[in-house]
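In our numbering, the protein residues as written are 309 to 458.
Below is one structure, written out as structure tokens; comments come after it.
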């Protein structure tokens, strides 16, 4: 064994836990006829707050209170990075998301795989999240730590 060998550990960047309301605020700001991706939202949050590791809470879908009050967030405007409507984590079936996107003017067909739907011209319809930078809360107001506000 070489006694001169030194092992160096580089610490992982800390995780920035995003408050659910911040994620929902971004979703709500996507105008009808436009799209976004989960990756674009994560990158936007990372740039906005100068963080590398972003964690979105699991409870960002509609809450029971929102459902009871009829509050809806346009999660159907989220597609994959390839413009696909995928199996829903959003509380809407693929067919319901397809219907809502078509109502907003998107042309949609069955994907080549036959498993999901493809939004045509999706790249041109991606919303520039920088346009909503002014609605973002201060960093400390946007942060949660393991579900608890800081």
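Yeah, the Cβ is synthetic: ideal placement off N, Cα and C, and Gly gets one too.
Predicted, not measured: the structure shown is a model, and the values here were computed from it.
Three-state secondary structure assigned by DSSP to residue i
i: residue 426; result: strand
i: residue 386; result: strand
i: residue 437; result: helix
i: residue 343; result: strand
i: residue 464; result: Only positions 309 to 458 of the chain appear in the structure, and residue 464 is not among them; the question remains open.
i: residue 400; result: coil
i: residue 268; result: Outside the shown range of the chain (309 to 458) lies residue 268, about which nothing can therefore be said.
i: residue 312; result: coil
i: residue 348; result: helix
i: residue 375; result: helix
i: residue 446; result: coil
i: residue 412; result: coil
i: residue 338; result: coil
Per DSSP, cross-strand counterpart(s) of residue i
i: residue 324; result: 362
i: residue 417; result: 426
i: residue 392; result: 426
i: residue 451; result: 326
Rounded C-alpha distance that separates residue i from residue j
i: residue 340; j: residue 320; result: 38 Å
i: residue 378; j: residue 405; result: 17 Å
i: residue 371; j: residue 343; result: 22 Å
i: residue 360; j: residue 352; result: 11 Å
i: residue 381; j: residue 421; result: 28 Å
i: residue 450; j: residue 376; result: 25 Å
i: residue 442; j: residue 356; result: 10 Å
i: residue 447; j: residue 312; result: 44 Å
i: residue 438; j: residue 348; result: 11 Å
i: residue 326; j: residue 452; result: 6 Å
i: residue 374; j: residue 336; result: 13 Å
i: residue 314; j: residue 323; result: 28 Å
i: residue 436; j: residue 354; result: 15 Å
Proximal residues to residue i (C-beta, below 7 Å), its chain only, five neighbours per side dropped
i: residue 388; result: 345 and 394
i: residue 430; result: 343, 387 and 391
i: residue 445; result: 330
Same chain, Cβ closer than 8 Å to residue i, five either side skipped, listed in chain order
i: residue 419; result: 392, 425 and 426
i: residue 440; result: 334 and 337
6 Å Cβ shell around residue i - same chain, five flanking residues per side excluded
i: residue 350; result: 362
i: residue 434; result: 343
i: residue 334; result: 349
Inter-residue CB distance, residue i and residue j (contact presumed, cutoff 8 Å)
i: residue 415; j: residue 428; result: 4 Å
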